[in-house]
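Right, here's the structure in full:
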């Protein structure tokens with residue numbers, strides 16, 4: 001791991017996602033519509049065509065309600081109580097396009113916005129809001145053949161459970177065919193879990209659309225929980241299906257940045273999950289048909305595991321998750337090294353790392369997502385760029 | 001539909017789930033443990049060995065916090081504020097075993113408990129708590145082969161979406177074999193969605209365990225959203241994967257009890273979903289290998305659709321969802337009519353309906369779940385009883 005790069009990742013992980021491209025004294029257009037992530041029949045939160053977000057929370061006897069979204073340093077957006085018992089407020093500027101996690105502080109307690117859905121981030125189920133992106137078409141649900149996303153429960157002796165959960169995207173036609181497919185192992189970020197890539201990331205829809213347009217070879221994607229030593233008792237609070245038991249391990253915080261590189265996960269991935277997937281799905285099980293990618297902490301896991309197991313993967317991708325150096329790779333020549341981030345993160349870092357790798361004879365590609373930070377639109381776009389480069 | 005029975009279903013749907021088997025003046029044992037559904041690292045809510053539930057909510061500047069669980073008529077459980085800024089309280093009696101939905105009222109606003117997970121019920125994502133059942137072994141995660149639960153996105157012209165979501169349980173070994181399987185179409189209740197049976201109901205684990213013990217033939221289960229005219233905009237707030245679009249239909253409340261029998265769903269199920277499943281999974285697509293079951297409103301849908309389409313299903317099951325009469329069935333002789341409910345619902349109704357059907361020459365079975373009401377433990381047990389009777 002390039003420590004300078006890691007520092008940048010840490011520093012940019014929690015910056016404000018308020019767009020800096022527009023000033024806050026612009027006139028706010030009154031064309032607000034319910035966020036697409038809202039719970040059924042819920043009118044708030046809303047988003048306008050400029051990317052402002054407006055919130056409305058019922059709490060007639062509360063003294064204060066605050067939304068964590070907004071200018072980070074100022075504690076988000078303070079809502080104002082009306083005579084009707086509702087607190088309302090609008091972000092002081094447009095938000096970056098894409099998905100944002102948030103929560104409320106109601107009279108000093110942290111709660112979710114009852115108007116919208118819940119998404120696992122920051123090691124808790126957070127509220128979520130979507131600012132429509134100008135390029136959202138690439139992850140839209142379209143009238144194309146759809147792959148499936150299935151929950152598997154694989155036995156994991158190393159973590160003492162008869163069923164650890166992973167989600168597996170199989171491309172359209174998988175269920176009827178006899179073809180074998182390559183596999184991408186795709187990891188979430190710190191505080192997230194195995195649902196992040198298919199729910200917040202729309203990984204399945206991105207693949208469906210790329211495949212329908214002939215832009216990528218069909219392949220399987222496997223997404224699992226990337227931590228073994230913290231934060232994840234057996235039953236999932238919200239899930240496709242609840243796998244049940246699985247001991248909550250003793251011991252304390254094992255997250256990020258403390259205990260960031262979870263050696264236990266390498267065992268789960270390489271000794272338990274990969275063999276299970278190769279035994280239960282029609283995969284090509286050689287290095288040439290296996291990729292690993294991850295966002296943020298998942299990128300750090302990818303970095304560590306690909307270097308520790310040079311015989312397992314032939315495609316490496318770090319999405320807002322650091323860089324590789326020629327020295328680290330040494331004699332290992334993966335078919336592809338992909339590094340990406342948002343333009344509000346460390347574009348110079350990933351671009352210069354790619355140049356250094358190319359100068360040293362590696363096949364390296366960098367991608368910078370315009371006008372996004374350490375958030376999911378960066379990673380949706382990164383997957384959309386990465387997929388066509390895999391398994392060529 | 002037997003209207004008398006329907007009335008009973010309605011009347012019992014929202015009764016208290018506080019156990020009446022034990023008095024509230026018993027000594028409360030101080031052996032509380034975190035609920036198995038809690039979010040990672042969260043210590044509250046807790047449950048003791050008698051079934052009391054204890055809550056602890058941080059809201060230092062709030063005046064009042066109430067939990068909806070408890071004696072229904074009295075507005076649930078009022079929490080008391082401590083000097084540390086936390087509100088705490090314990091139900092005034094033991095809760096029924098099994099899963100319960102609930103929410104908080106904080107200074108007059110409705111929020112979820114940040115300590116636990118979220119479950120779709122009452123047309124919103126609610127909090128959930130699990131009171132361990134004495135017979136919970138049958139839905140435990142065990143060291144047995146596990147089936148998968150997969151999201152499919154099937155095109156639905158009748159509801160104007162290129163991808164409506166269903167969840168499909170495939171039994172262990174499905175992915176490697178060439179065998180065909182019978183199919184059970186299994187519906188959720190009012191205010192729930194297609195996630196209810198696998199998340200709250202543990203349908204996949206119940207099947208895994210029954211199959212491992214040789215108690216049931218392996219079969220596929222298909223679970224989809226049972227409403228077409230309300231409450232469900234395209235993107236799911238919390239989901240395995242987000243299918244994206246799908247127009248939110250114009251028009252008002254189309255739920256239960258108003259608009260209870262959603263004719264649009266019959267079209268989705270029989271003309272869109274079933275053909276898709278038969279085309280994409282290795283099913284037996286004849287009547288003899290197809291069952292329909294549902295809980296509560298899903299039972300009413302089952303009742304209506306099986307009678308309207310007598311050529312489609314050979315096994316009918318209503319779980320806390322009414323009864324059939326010999327007059328309704330007429331000359332149609334399904335291989336099985338299964339009717340169940342909790343002992344706190346209408347056991348006389350389902351038992352006497354089964355007697356009447358048997359007297360008239362039908363193969364009818366009734367099942368009463370002891371000491372449960374209109375809640376998920378009744379339906380977990382019902383599925384556990386039903387599955388071995390199917391496709392024999």
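Residue numbers (full-length UniProt numbering), protein chains in the order written: chain H, 1 to 392; chain Z, 1 to 392.
C-beta atoms are modelled at their ideal positions from N, C-alpha and C, and glycine is treated no differently.
Just so it is clear, the structure is predicted and the values come from calculations on it, not from any experiment.
Fill in: residue 98 of chain H versus residue 36 of chain H - alpha carbon distance
11 Å
Discussion item. Give me, in chain order, the residues of the same chain whose beta-carbon lies closer than 7 Å to that of residue 81 of chain Z; leave out the 5 immediate sequence neighbours on both sides.
Written reply: 87
Item to complete: For residue 292 of chain Z, collect the residues of the same chain with a Cβ closer than 7 Å to its Cβ; drop the 5 residues on either side in sequence, then sort them by chain order.
Response: 185, 302, 305, 306, 313 and 316
Discussion item. What would DSSP say about residue 136 of chain Z, mapped onto helix, strand or coil?
Written reply: helix
Discussion item. Is residue 135 of chain H close to chain Z? Criterion is C-beta to C-beta, closer than 8 Å.
Written reply: no
Discussion item. Against chain H, which members of the segment 138-149 of chain Z pass a CB distance test of less than 7 Å?
Written reply: 140, 141, 142, 143, 146, 148 and 149
Practice prompt. With DSSP collapsed to three states, give me the class of residue 471 of chain H.
Written response: A query on residue 471 of chain H cannot be resolved here, the shown segment of chain H reaching from 1 to 392 and no further.
Practice prompt. Answer with yes or no whether the minimum CB distance from residue 111 of chain H to chain Z is below 8 Å.
Written response: yes
Worksheet item: So what does residue 292 of chain Z bridge to, in DSSP terms?
Response: Z:185 and Z:316
Worksheet item: Less than 8 Å separating the beta-carbons of residue 264 of chain H and residue 158 of chain H?
Response: yes
Worksheet entry | Inter-residue Cα distance where the pair is residue 319 of chain H and residue 373 of chain H | 12 Å
Practice prompt. Pull up the CB-CB distance for residue 220 of chain Z and residue 268 of chain Z, whole angstroms please, since I reckon it's below 8 Å.
Written response: In fact, because the Cβ distance is near 18 Å, the residues do not count as touching under 8 Å.
Worksheet item: Exposed or buried, which one is residue 327 of chain Z when buried takes at least 16 other CB atoms within 10 Å?
Response: exposed
Item to complete: Identify every run of the beta strand (DSSP E) within the segment 151-182 of chain Z, keeping only runs that are complete inside it and at least 3 residues long; order them along the chain.
Response: 161-170
Discussion item. Would residue 379 of chain Z pass as an interface residue toward chain H - the criterion being a Cβ-Cβ separation below 8 Å?
Written reply: no
Fill in: Residues in the segment 84-106 of chain H having any Cβ partner in chain Z nearer than 7 Å
85 and 106
Item to complete: Decide yes or no for the touch test of the segment 103-115 of chain H against the segment 53-69 of chain Z: beta carbon pairs closer than 8 Å, at least 3 of them.
Response: yes
Practice prompt. Find the nearest neighbour of residue 147 of chain H within the set H:122, H:202 and H:277, judged by alpha-carbon distance.
Written response: H:202
Worksheet item: So what's residue 59 of chain Z in DSSP terms, helix, strand or just coil?
Response: coil
Practice prompt. Could you have a look at residue 49 of chain H and say whether DSSP puts it in helix, strand or coil?
Written response: coil
Worksheet item: Does any CB atom of chain Z fall closer than 8 Å to the CB of residue 280 of chain H?
Response: yes
Practice prompt. Using 7 Å as the cut-off, classify the Cβ of residue 77 of chain Z as near or not near the heavy atoms of the ligand FAD, replying yes or no.
Written response: Judged by which ligands are present, the structure shown has none, so any question about the ligand FAD falls away.
Discussion item. Contact between the segment 173-183 of chain H and the segment 278-288 of chain H is defined here as three or more beta-carbon pairs at a separation below 8 Å; is this criterion met?
Written reply: yes
Fill in: Local conformation of residue 11 of chain H per DSSP, three classes
Any reading at residue 11 of chain H needs caution, since the residue's pLDDT is 40, under 50, leaving its predicted position unreliable; the model's value is listed next. Residue 11 of chain H falls in the helix class under three-state DSSP.
Worksheet item: In three-state terms, what does DSSP make of residue 33 of chain H?
Response: strand
Item to complete: Using beta-carbon positions only, say whether residue 95 of chain Z and residue 53 of chain Z come within less than 8 Å of one another.
Response: yes
Discussion item. Here's a check: name, in chain order, each residue in its chain whose Cβ is nearer than 6 Å to the Cβ of residue 189 of chain Z, leaving out the five neighbours to either side.
Written reply: 295, 296, 297 and 298
Fill in: residue 338 of chain H - containing beta strand (DSSP E), residue span
336-342
Worksheet entry | Residue-level contact to chain H via CB, residue 40 of chain Z, 8 Å cutoff | yes
Discussion item. Run through chain H and tell me which residues come within less than 7 Å of residue 59 of chain Z, C-beta to C-beta.
Written reply: 106, 107, 108 and 109
Practice prompt. Tell me where the beta strand (DSSP E) around residue 365 of chain Z begins and ends.
Written response: 364-369
Worksheet entry | Nearest-angstrom Cα separation, counted from residue 65 of chain H out to residue 119 of chain H | 21 Å
Item to complete: Using beta-carbon positions only, say whether residue 164 of chain H and residue 151 of chain H come within less than 8 Å of one another.
Response: no
Discussion item. Please tell me whether residue 53 of chain Z has its Cβ less than 8 Å away from any Cβ of chain H.
Written reply: no
Item to complete: Establish whether the CB of residue 118 of chain Z and some CB of chain H are separated by less than 8 Å.
Response: yes
Worksheet item: What is the residue span of the beta strand (DSSP E) that residue 376 of chain H lies within?
Response: Not the beta strand (DSSP E): residue 376 of chain H falls in the alpha helix (DSSP H), residues 376-386.
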